[in-house]
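Input: a single structure, listed below in structure tokens.
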Amino acid sequence: MVDDGASPAMEPAMEPAMEVVRLLRERGETLATAESLTGGLLSGAVTAVPGSSAAYVGGLVTYATELKQRLLGVPAELIASDGVVSAACAEAMARGAASRTGAAWALATTGVAGPDLQEGKPAGTVFVGLVGPGVETHRRLTLGGDRQDVRAGTVSAALDMLVDVLLSANTEPC
């Protein structure tokens with residue numbers, strides 16, 4: 001077996017990451033990320049694509065709740081009412097990443113990788129937030145497997161979500 005340096009957790013995300021970079025480059029648009037449970041895996045998947053610097057501006061890994069508030073501007077009131085494992089938090093994280101980086105699009109990940117409960121929610125409970133021109137949405141995921149599986153599945157689902165939105169007829173380039 002040849003070791004190509006690719007992590008097994010990253011392999012499923014390579015195809016959608018390449019598609020994200022291709023679509024963003026064609027549109028002349030950029031992407032930023034805000035990550036919690038994925039801890040940089042999402043940005044790593046995007047930056048593994050050759051030419052990603054033309055489409056990816058950067059990201060913030062805000063594992064701690066305090067950093068979600070301070071760096072991304074997630075309101076304390078939202079966290080108190082909805083928690084960090086929520087659709088509202090995922091969307092607020094994405095809004096914060098877009099506004100702080102100037103990117104046209106932003107993806108955010110928040111949830112429970114496991115093994116323990118967080119906010120009473122089990123491992124595999126994940127929310128992906130997405131904001132962009134005329135778009136502010138989220139996707140709830142319920143993923144199985146171990147911690148690595150949940151994190152890798154989140155990355156793939158987030159990238160697939162962005163591809164779907166970029167390919168939809170409702171999102172014309174800026």
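Residues in the sequence shown are numbered from 1 upward in steps of one, following full-length UniProt numbering.
Just so you know, even glycine gets a beta-carbon here, dropped at the ideal spot from N, CA and C.
For the beta strand (DSSP E) that residue 201 lies in, which residues bound it at each end? Examination of residue 201 is not possible in this model, given that the chain is present from 1 through 174 alone.
Buried or exposed: which applies to arginine 140, given that a residue is buried once 16 or more other Cβ atoms fall within 10 Å of its Cβ? exposed
Alpha carbon to alpha carbon, how far is arginine 22 from glycine 28? 10 Å
How big is the Cα-Cα spacing for leucine 24 and valine 126? Going by the C-alpha atoms only, they are around 25 Å apart.
Is leucine 162 closer than 8 Å to valine 49 when the C-beta atoms are compared? Cβ atoms of valine 49 and leucine 162: not closer than 8 Å.
Suppose contacts are defined by Cβ-Cβ distances below 8 Å. Is threonine 142 in contact with leucine 37 by that definition? For threonine 142 and leucine 37, no; Cβs fall outside 8 Å.
For a minimum of 3 consecutive residues, which ranges assigned as the beta strand (DSSP E) are wholly contained in the stretch 54-114? 56-61 and 105-111
Phenylalanine 127 beta carbon near the ligand PLP (any heavy atom closer than 7 Å): Absent from the structure shown: the ligand PLP. Ligands present: none.
Compare the Cα-Cα distances from aspartate 116 to each of His138, Ala104, Asp82 and Arg147 and report the closest residue. Selected option, being the one with the closest Cα: Arg147.
Between Met18, Ser99, Val57 and Thr65, which has its C-alpha nearest residue 263's C-alpha? Residue 263 is absent from the model: the chain starts at 1 and stops at 174.
Taking tryptophan 105 as the reference, give the member of Pro75, Ala17, Thr30 and Ser52 with the closest Cα. Thr30
Where do the N-terminal and C-terminal ends of the beta strand (DSSP E) with alanine 157 fall, by residue? Looking at the DSSP string, alanine 157 is not in any beta strand (DSSP E); the run it does join, the alpha helix (DSSP H), is 147-167.
Considering leucine 130, what are the terminal residues of the beta strand (DSSP E) in which it resides? 125-132
Mark proline 16 as exposed unless 16 or more other C-beta atoms lie within 10 angstroms of its C-beta, in which case mark it buried. buried
Tell me which same chain residues have a C-beta within less than 6 Å of the C-beta of alanine 103, skipping the five on either side of it? Thr30, Leu31, Ala32 and Val57
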